[in-house]
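Visitor:
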Amino acid sequence: MSEVTDIRLKKIADLKVPSPGFGGMSVSNAYGKADDEQSKELLRHAIKLGVTFWDSADIYGCGHNEKLLGSVLAEGDNRSKVFLATKFGFVFDEETGRGNDEVRGDREYIRQAIENSIRRLGTTPDLYYQHRVDPKTPVEETYSALEELRKEGKIKHIGISEPSVESLKRAAKVAKISALQVEYSPWTTDIERNGLLATARELGITIVAYSPLGRGFLTGRFKSPTEFEEGGVTPAQLCLAWVAAQGEDIIPIPGTKSIERLEDNWASREVKFTSEELKEIRDVIDGLNIAGERYPDFRMKHIGK
Numbered sequence: 001m002s003e004v005t006d007i008r009l010k011k012i013a014d015l016k017v018p019s020p021g022f023g024g025m026s027v028s029n030a031y032g033k034a035d036d037e038q039s040k041e042l043l044r045h046a047i048k049l050g051v052t053f054w055d056s057a058d059i060y061g062c063g064h065n066e067k068l069l070g071s072v073l074a075e076g077d078n079r080s081k082v083f084l085a086t087k088f089g090f091v092f093d094e095e096t097g098r099g100n101d102e103v104r105g106d107r108e109y110i111r112q113a114i115e116n117s118i119r120r121l122g123t124t125p126d127l128y129y130q131h132r133v134d135p136k137t138p139v140e141e142t143y144s145a146l147e148e149l150r151k152e153g154k155i156k157h158i159g160i161s162e163p164s165v166e167s168l169k170r171a172a173k174v175a176k177i178s179a180l181q182v183e184y185s186p187w188t189t190d191i192e193r194n195g196l197l198a199t200a201r202e203l204g205i206t207i208v209a210y211s212p213l214g215r216g217f218l219t220g221r222f223k224s225p226t227e228f229e230e231g232g233v234t235p236a237q238l239c240l241a242w243v244a245a246q247g248e249d250i251i252p253i254p255g256t257k258s259i260e261r262l263e264d265n266w267a268s269r270e271v272k273f274t275s276e277e278l279k280e281i282r283d284v285i286d287g288l289n290i291a292g293e294r295y296p297d298f299r300m301k302h303i304g305k
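As structure tokens, this is what we get:
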């Protein structure tokens, strides 16, 4: 009998978190304008559903995202229900809402960044990522500073986002890295070829997959095999379930502004694949003709450092 893959609970360090998580960038005017009150209702509904692995970053809305998520976490006992991640690294002015695309990972900047994130969130984050590696600062300085924050209780777990394999290995020698955040979807499978997936697994690091729906491109373009369509599985659910089924160490974090899509994404956790079905889907993915870079040049320059 074929093995069936269960994708509903994943581990980050010694904790179990529900999958999929929630990518917060979408509620801070990414991919179109968002309404704060509607976003708060979305976040409250996420907690009711059980979507309680939330991902933010200080640069999302130049502080707006952390404040928004923090306001909902401050309600009742919401904070105790959510595993909260945020990121630092991109320099911006909170008052003007502008950034200059500069990345910093020096000890002084990290100290400032965590204090500002705690102020905006109203709490300490469970997981704190370096959003992009700063090529001007030794990785060892960055991750020794993050280890200091962990020991001081200002963060619980340390993460890294879109590094090179070399930077990931260097960081792991200095600090306990709990999560690697990278883009991963049927549309973007770079980590399978560039060494990041293999290295993360060698080091026991959980992979958090952002843009698991290919920034929305896949929600209507990736066609479900007939048996999934007949079973009521949407293309978005199929994509999310496929990402989650690539390993017990992979957690997709789709974002949305819509309660309907939030519920649709959450229902992906009920999709179960046999090994034959996974092979069939892999054959479709391997046949996709994808060309071009994931980002414009000014963004790509920060990837893989």
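full-length UniProt numbering applies: residue 1 is where the sequence shown begins, and numbers increase by one. In this text, a Cβ means the ideal position worked out from N, Cα and C, and glycines have one as well.
1. Measuring only the C-alpha atoms, how far is residue 250 from residue 136?
2. Do three or more CB pairs link the segment 156-164 to the segment 186-193 at distances below 8 Å?
3. In whole angstroms, what is the alpha-carbon distance linking residue 111 and residue 266?
4. Specify the secondary structure class of residue 104 as computed by DSSP and reduced to three states.
5. If you draw a straight line from the alpha carbon of residue 52 to that of residue 115, how long is it in whole angstroms?
6. Should the segment 62-75 be regarded as contacting the segment 269-284, the criterion being three or more beta carbon pairs within less than 8 Å?
7. Under the three-state reduction of DSSP, which class applies to residue 222: helix, strand or coil?
8. Tell me whether the beta-carbon of residue 89 lies closer than 8 Å to the beta-carbon of residue 105.
9. Which residue from 189, 169 and 179 puts its Cα closest to that of residue 199?
10. Quick check on the DSSP output: what are the complete beta strand (DSSP E) runs of length 3 or more inside the segment 149-193, in order along the chain?
11. Hey, residue 214 and residue 188 are a contact pair by Cβ (cut 8 Å); roughly how many whole angstroms apart?
12. Please report the distance separating the alpha-carbon of residue 264 from that of residue 47.
13. May I ask you to verify whether the segment 55-64 touches the segment 79-98, counting CB pairs closer than 8 Å and requiring at least 3?
14. Less than 8 Å separating the beta-carbons of residue 157 and residue 57?
15. Assuming residue 127 and residue 211 are in contact, meaning their beta carbons sit under 8 Å apart, how far apart are those beta carbons, in whole angstroms?
16. Over the uninterrupted alpha helix (DSSP H) stretch that includes residue 285, give me the two end residues.
17. Under a Cβ-count criterion, where at least 16 other Cβ atoms within 10 Å of its own Cβ denotes burial, should residue 218 be classed as buried or exposed?
Guide: Reading off the structure:
1. Position 250 of the sequence shown, counting from 1, holds the residue named residue 250. Position 136 of the sequence shown, counting from 1, holds the residue named residue 136. Distance between the alpha carbons of residue 250 and residue 136 is about 30 Å.
2. no
3. What you label residue 111 is simply residue 111 of the sequence shown in a count that begins at 1. What you label residue 266 is simply residue 266 of the sequence shown in a count that begins at 1. If I take the Cα positions, the gap works out to 35 Å.
4. For this step, residue 104 is matched to residue 104 along the sequence shown. Of the three classes helix, strand and coil, the one that applies to residue 104 here is coil, per DSSP.
5. One-based indexing of the sequence shown puts residue 52 at position 52. One-based indexing of the sequence shown puts residue 115 at position 115. Rounded to whole angstroms, residue 52 to residue 115 spans 23 Å at the Cα level.
6. no
7. On the sequence shown, residue 222 is found 222 positions in, with the first residue counted as 1. Interpretation of residue 222 is limited by its pLDDT of 47, a score under 50 that renders its predicted location unreliable; no figure is taken from the coordinates.
8. The sequence position of residue 89 within the sequence shown is 89, counting from 1. The sequence position of residue 105 within the sequence shown is 105, counting from 1. Yes. Within cutoff.
9. Indexing the sequence shown from 1 puts residue 199 at position 199. When only C-alpha atoms are compared, the closest one is 169.
10. 157-161 and 177-183
11. In the sequence shown, residue 214 corresponds to position 214, counting from 1. In the sequence shown, residue 188 corresponds to position 188, counting from 1. About 7 Å; that satisfies the 8 Å criterion.
12. The residue labelled residue 264 in the question sits at position 264 within the sequence shown. The residue labelled residue 47 in the question sits at position 47 within the sequence shown. Straight-line Cα distance between these residues: approximately 15 Å.
13. yes
14. By 1-based counting over the sequence shown, the position of residue 157 is 157. By 1-based counting over the sequence shown, the position of residue 57 is 57. Contact flag unset, no.
15. Your numbering for residue 127 matches position 127 in the sequence shown. Your numbering for residue 211 matches position 211 in the sequence shown. Actually they do not touch by this definition, with Cβ atoms about 18 Å apart.
16. By 1-based counting over the sequence shown, the position of residue 285 is 285. Looking at the DSSP string, the run of the alpha helix (DSSP H) that includes residue 285 is 275-286.
17. Numbered from its first residue, the sequence shown carries residue 218 at position 218. Unreliable positioning characterises residue 218 in this predicted model, as indicated by a pLDDT of 47, which lies under 50. The coordinate reading is nonetheless provided below. Counting Cβ neighbours within 10 Å, residue 218 comes out buried, since at least 16 surround it.
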